[in-house]
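2 protein chains.
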Amino acid sequence: MFIPVPIGFIHSPYTETSSIPKGLGARHDAEGVLEIGSEFETGLTDIDGFSHLYVLWLFDRAHGFELIGAPPSDNRPHGVFATRSPRRPNPIGLTVVELLRRENRQLFVRGVDMLDGTPILDIKPYLSSIPNQALRRGWLAEAESAQ
Amino acid sequence: MFIPVPIGFIHSPYTETSSIPKGLGARHDAEGVLEIGSEFETGLTDIDGFSHLYVLWLFDRAHGFELIGAPPSDNRPHGVFATRSPRRPNPIGLTVVELLRRENRQLFVRGVDMLDGTPILDIKPYLSSIPNQALRRGWLAEAESAQ
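Chains as they are written, first to last, in the working numbering: chain A, 757 to 903; chain B, 757 to 903.
And the structure:
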């Protein structure tokens, strides 16, 4: 295994978990900044050409994990690997953001759902997507249609 | 930070990096099995309802990182955060797979691009996609159109 290192930190409008939109129909239009450490800035070369990025980050304010839990979008419990719960065996979060612009080692993005100060573990280009018609969304689709 | 733990391991047809399809036009149709540790099996509850999953995994046979490198799909060097290079500051891989079926703690999937025996760090439901027409694919689109 390896010891994770933060490659940077997220500036986000959210300072409390309760203020992050969650559950069915939650929109993630919030803008934020991914501030990359100066020692990693060279790794951002050419990132400007991508419209969307994967951000891997640390749930640094979650403690422990539970294998079954009820997410905010449903009142039935689900397995942790079928949800985006922060209380995971490896507390890694994943968010797709839209890259608005880069200024040196700051990436201005839209779509943040992380808390302010969250450590960033990795950034990858978002390259392709599964066609919507090929997607099944499990319990989430059921929960939506039950509303 | 945290100490990553494997939640399971990947059975894949690929035993050497050189046998994994890479570069432009690479197809990832290979089938494999995500075998989850018995202590985490409960976390798979309800995962069967999703057609596609994110798999976070460890580049366990990569050593060190480089901030700039030439990927197989281009002869120009790019920043590591604009590529899927295994030599990353945090050696975490990300793959979207199609879930074919579940048998207890084995998930049969299509689309593996990991080496046999790769440790799994996390599984998350793949929920939504960015419309293709809204995507810009940076240097990769340029490299493709130059062919």
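Where a beta carbon is used, it is the ideal one built from N, C-alpha and C, also for glycine.
Measure from the C-beta of residue i to each C-beta in chain A and report whether the shortest distance is under 8 Å.
{"i": "H767/B", "result": "no"}
{"i": "A759/B", "result": "It should be pointed out that residue 759/B corresponds to Ile in this sequence rather than to Ala. Answer yes: the Cβ-Cβ gap between I759/B and chain A drops below 8 Å somewhere."}
{"i": "R783/B", "result": "no"}
{"i": "A838/B", "result": "yes"}
{"i": "G799/B", "result": "yes"}
{"i": "Y770/B", "result": "no"}
{"i": "G805/B", "result": "yes"}
{"i": "G835/B", "result": "yes"}
Return no unless some Cβ of chain B is closer than 8 Å to the Cβ of residue i.
{"i": "T851/A", "result": "no"}
{"i": "V735/A", "result": "The shown model of chain A, from 757 to 903, leaves out residue 735/A, and the question about it has no answer."}
{"i": "I848/A", "result": "yes"}
{"i": "W895/A", "result": "yes"}
{"i": "P828/A", "result": "no"}
{"i": "I921/A", "result": "Only positions 757 to 903 of chain A appear in this structure, which leaves residue 921/A out of reach."}
{"i": "R844/A", "result": "yes"}
{"i": "I776/A", "result": "no"}
{"i": "L812/A", "result": "yes"}
Return the CA-CA distance between residue i and residue j, expressed in angstroms with no decimal places.
{"i": "S774/B", "j": "N831/A", "result": "47 Å"}
{"i": "P988/A", "j": "D872/A", "result": "Past the boundaries of the shown model lies residue 988/A; chain A is included only from 757 to 903, so the question cannot be answered."}
{"i": "L812/B", "j": "Q862/A", "result": "25 Å"}
{"i": "S841/A", "j": "G799/B", "result": "11 Å"}
{"i": "T801/A", "j": "I792/A", "result": "12 Å"}
{"i": "I876/A", "j": "V868/B", "result": "25 Å"}
{"i": "P828/B", "j": "K778/B", "result": "6 Å"}
{"i": "G764/A", "j": "R866/A", "result": "17 Å"}
{"i": "I776/A", "j": "T874/A", "result": "13 Å"}
{"i": "A826/A", "j": "W895/A", "result": "11 Å"}
{"i": "I766/B", "j": "A838/B", "result": "26 Å"}
{"i": "M870/B", "j": "V852/A", "result": "22 Å"}
{"i": "G805/B", "j": "P833/A", "result": "14 Å"}
{"i": "A782/A", "j": "A902/B", "result": "40 Å"}
{"i": "N860/A", "j": "N860/B", "result": "48 Å"}
{"i": "E787/B", "j": "L883/A", "result": "21 Å"}
{"i": "A897/A", "j": "R843/B", "result": "37 Å"}
For residue i, is the classification buried or exposed, using 16 other Cβ atoms within 10 angstroms of its Cβ as the cut-off for buried?
{"i": "D785/B", "result": "exposed"}
{"i": "E854/A", "result": "buried"}
{"i": "I759/B", "result": "exposed"}
{"i": "T771/A", "result": "exposed"}
{"i": "W762/A", "result": "The amino acid occupying residue 762/A in the given sequence is Pro; Trp does not appear at that position. Buried."}
{"i": "P845/B", "result": "buried"}
{"i": "M757/B", "result": "exposed"}
{"i": "G820/A", "result": "exposed"}
Excluding the 5 residues flanking residue i on each side, which residues of the same chain have their C-beta closer than 8 Å to its C-beta?
{"i": "G835/A", "result": "L823, I824"}
{"i": "I803/B", "result": "L809, L855, R858, L863, I879, P881"}
{"i": "P847/B", "result": "L814, F815, D816, A818, F821"}
{"i": "E797/A", "result": "N860, R861"}
Give me, in chain order, the residues of the same chain whose beta-carbon lies closer than 7 Å to that of residue i; leave out the 5 immediate sequence neighbours on both sides.
{"i": "E795/A", "result": "none"}
{"i": "S807/B", "result": "E854, L855"}
Please go through the same chain and pick out, in chain order, the residues whose beta-carbon is closer than 6 Å to the beta-carbon of residue i, but skip the five residues on each side of it.
{"i": "G849/B", "result": "W813, F815"}
{"i": "R817/B", "result": "none"}
{"i": "V789/A", "result": "H767, Q862, F864"}
Are there any heavy atoms of the ligand FMN lying less than 7 Å away from the beta-carbon of residue i, as far as the coordinates show?
{"i": "P769/A", "result": "Ligands in the displayed structure: none, and consequently the ligand FMN is not present."}
### Query
Just by C-beta distance, which residues in the stretch 858 to 881 of chain B are closer than 7 Å to chain D?
Reference to chain D is not applicable here, since the protein chains of this structure are A and B.
### Message
At 3 residues or longer, what runs of the beta strand (DSSP E) sit wholly inside the stretch 782 to 854 of chain B?
### Response
787 to 792, 808 to 814
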